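Data block below; observations after.
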Amino acid sequence: AAGSRLVAFLRGQQAAAAAMTDDRHTALARLQETETALSRADNRVGQALRQARAQGKSLKSFIFAVNLQVPGKEHHSAVFYFSTDEPIPSGSLLSRFIEGDDAFRNQRFKLVNRIVKGPWIVKKAVGNYSACLLGKALTCNYHRGRNYFEIDVDIGSSAIANAILRLALGYVTSVTIDMGFLVEAQDEEELPERLVGAVRVCQMEMSAATVVDAPNAPRGNKVNHLSGNEKLVFILFNLISPTAWSSFWV
58 AAGSRLVAFL RGQQAAAAAM TDDRHTALAR LQETETALSR ADNRVGQALR
108 QARAQGKSLK SFIFAVNLQV PGKEHHSAVF YFSTDEPIPS GSLLSRFIEG
158 DDAFRNQRFK LVNRIVKGPW IVKKAVGNYS ACLLGKALTC NYHRGRNYFE
208 IDVDIGSSAI ANAILRLALG YVTSVTIDMG FLVEAQDEEE LPERLVGAVR
258 VCQMEMSAAT VVDAPNAPRG NKVNHLSGNE KLVFILFNLI SPTAWSSFWV
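The sequence shown: position 73 = 130 (the working numbering), numbered continuously.
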């Protein structure tokens, strides 16, 4: 799994964690400021959880979602979902992150990545092995729901990140990348660091996107940007990957 390859990035002792899997990888386009991926009535992950809870199942399930918002002529967002049926330990670093304020979250939310396959120019620009505090480098919006936590990462908020992304997207069909998300440990008692979740994205086909209407938008009304009361068309596409998602919880 991708998570096992990313453990080398983490500081401290080797993390002991249980792997959990999701059935499929999905991505959802850039959302309006007042809406999150999981708050949409047609979100398949949210639907599945609501249906299970209505049947008295998955009552303790909790979803951690990361929405990487990709700017462009048509806005895309890769949304990664990780879930657990085990309670998040009270007082743990992850619990403090979820229940904390945005200032704390921005200082701790970290991405680690590894370019598994891709052209030399992409590895040089992105970094073959790298780690970044996303909350400090990019604008992140945090949304705490009753049984979920979603982070919307605006890649367009950084000119440098946007330029690197545009370069990488030119080779996206030939790139395979492992990504892991975690809460950075900054004190000795917070070690070892543990992955919240990890995913492998393989040779993504942006052209596989399908249109998902914004709430209350007339069908077929295609607008690729937000301006005043205009509607934003969301793009939904599948990440082509043979690797199941793995979640690692503190």
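Quick reminder that beta carbons are idealized off the backbone N, C-alpha and C, glycines included. All values reported here derive from a predicted model rather than from experimental measurement.
Cα-Cα separation, residue i to residue j
i           : j           : result
residue 192 : residue 213 : 14 Å
residue 129 : residue 175 : 22 Å
residue 189 : residue 169 : 6 Å
residue 147 : residue 228 : 43 Å
residue 145 : residue 112 : 23 Å
residue 253 : residue 246 : 18 Å
residue 256 : residue 135 : 11 Å
residue 183 : residue 233 : 12 Å
residue 118 : residue 101 : 15 Å
residue 201 : residue 108 : 20 Å
Own chain partners of residue i with C-beta closer than 8 Å, once the 5 adjacent residues on each side are dropped
i           : result
residue 91  : Confidence at residue 91 is low in this model, with a pLDDT of 40, below 50, so the placement of that residue should be treated as unreliable; the coordinate-derived value is given next. Around residue 91: no qualifying Cβ.
residue 285 : Here residue 285 scores only 28 on pLDDT, less than 50, and its place in the model should not be relied on; the value that follows carries that caveat. Cβ neighbours of residue 285 beyond the five flanking positions: none.
residue 218 : 194, 195 and 212
Contact set for residue i: own chain, Cβ-Cβ below 7 Å, skip 5 residues either direction
i           : result
residue 116 : 110
residue 203 : none
residue 231 : 175, 176 and 260
residue 163 : 192, 193 and 197
Residues bridged to residue i (per DSSP)
i           : result
residue 210 : 125 and 197
residue 190 : 167
Collapsed DSSP secondary structure at residue i in the structure displayed
i           : result
residue 170 : strand
residue 257 : strand
residue 184 : coil
residue 232 : coil
residue 237 : strand
residue 248 : coil
Sequence-distant residues of its chain with Cβ nearer than 6 Å to residue i (five each side left out)
i           : result
residue 123 : 137, 208 and 238
residue 198 : 209
residue 97  : none
Original post:
Counting only runs that start and end within the stretch 92 to 157, where is the beta strand (DSSP E) found for 3 or more residues in a row?
Top reply: The stretch 92 to 157 contains these whole beta strand (DSSP E) runs: 119 to 127 and 133 to 141.
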